[in-house]
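Trainee:
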C-alpha cells in the first residue's frame, strides 16, 4: 500500500473514531449505593478510544438476600447496578491508561437500554451484581442485538447458587440457544496482554472483616451457599468468539475499587486488574 493510501486509511479510521465520540451520549452521573460525592478527575471532559460502559438494569422482584431495594427506581441510581460505582470504574480506567496504549476516557458511562441506542457506541459493557438483575423483554431484545452485532459483555460480583439462578433466568432469555460453558485456560481471553493460567478467587472488601475468600459459602451459611469455587465461564458466538464473560463467585469490581486501599491485599487487585485488562483488550481485538 502506498503512503497516500496508508495516510488516507489512517485519517479515515481517525474520522470514524471521532464520529463515534460525537454520537455518544453526554457524560452523566447517578446517586450510587456507596458513593455520592466521588470527585471527578480533572480531564473528565476529554474523549477517548475506550470508555468504561456500565449497564443499568432493573432489580429482580425476588428477594434472595439483604441487597433488596424495591423502594428505589433503578433509573435514578442507588440500586444494585451502582455498587462499587464510580470508584471501581475510574480505577480500572486509570489502570488501562497505565498498562496499555489505548487512549482511555477517565470517567465511565452508565448505559440505559431503554433510553436510546447509546449502547451500540461501546465495544465493552460491564455489569455488577447480576445475581440481582431482571431485564425486561424490551431490554433483552436490545441486549441480544448488541451482542450479536459484535458487543462484549462482562459480568462480575455475584455469588452462590441463589444469585446464579437469578442471573441465568435472564441470560437464558437473552440466549436460549447458546450454552454457558467453562472457559478453558488456553482461550485467547486469558492471554491477550497477561498470561493468566494461574488464577485464584478474588474476594470483595468483605474479606477485610471476615477473612473469607467467598461471600456465600459454608463458613457463613446465613448468607447463602455455593460460593466457594470461582467460575470463569462464557458464552460464544458462531465464530468461537466469547461475547459474554461471566465471573461468578468473585468480586473483581471490589479489587478495582480498593486497589488504592492499603488494607486490601495487593495480590487480589493485581489479578483483578489483569483480568479486566485481558478481557477488555480481547473485546476490542477479537
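In the working numbering, the protein residues as written are 249 to 534.
Note that the Cβ used here is the ideal one computed from N, Cα and C, for glycine as well.
This structure is a prediction, so every number in the text was calculated from the model and none was measured.
1. Which same chain residues, not among the five before or five after residue 261, have their C-beta less than 6 Å away from its C-beta?
2. Could you give the distance in angstroms between the alpha-carbon of residue 351 and the alpha-carbon of residue 312?
3. Residue 370 and residue 437 - do their beta-carbons sit closer together than 8 Å?
4. Bridge partners of residue 490, per DSSP?
5. Just how far apart, CA to CA, sit residue 255 and residue 341?
6. Considering just the uninterrupted stretch of the alpha helix (DSSP H) at residue 338, what are its terminal residues?
7. Closer than 8 Å by C-beta to residue 441: which residues in its own chain qualify, once you throw out the five before and the five after it? Chain order, please.
8. Using the three-state DSSP reduction, which class does residue 531 fall into: helix, strand or coil?
9. Could you compute how far the alpha carbon of residue 362 sits from the alpha carbon of residue 300?
10. So, is residue 284 buried or exposed, given that buried needs 16 or more other C-beta atoms within 10 angstroms?
11. Report the option in 295, 337, 490 whose CA atom is closest to the CA atom of residue 376.
12. So residue 326 and residue 287 are supposed to be a Cβ contact under 8 Å. How far apart are they, rounded?
13. Drop a sphere of 10 angstroms on the beta-carbon of residue 263, count the other beta-carbons inside from all chains shown, and report buried for 16 or more, exposed for fewer.
14. Say whether the stretch 475–485 touches the stretch 373–388, bearing in mind that this needs 3 or more beta-carbon pairs closer than 8 Å, one atom from each stretch.
Mentor: So, to answer that:
1. Interpretation of residue 261 is limited by its pLDDT of 41, a score under 50 that renders its predicted location unreliable; the figure taken from the coordinates is listed afterwards. Around residue 261: no qualifying Cβ.
2. 40 Å
3. no
4. 484
5. Interpretation of residue 255 is limited by its pLDDT of 36, a score under 50 that renders its predicted location unreliable; no figure is taken from the coordinates.
6. 335–347
7. 347, 348, 522, 525, 526, 529
8. helix
9. 19 Å
10. exposed
11. 337
12. Contact doesn't hold; Cβ gap of about 19 Å is too wide.
13. With a pLDDT of 42 at residue 263, under the threshold of 50, the modelled position of this residue cannot be trusted; read the value that follows with caution. Exposed, since its Cβ has fewer than 16 Cβ neighbours within 10 Å.
14. no
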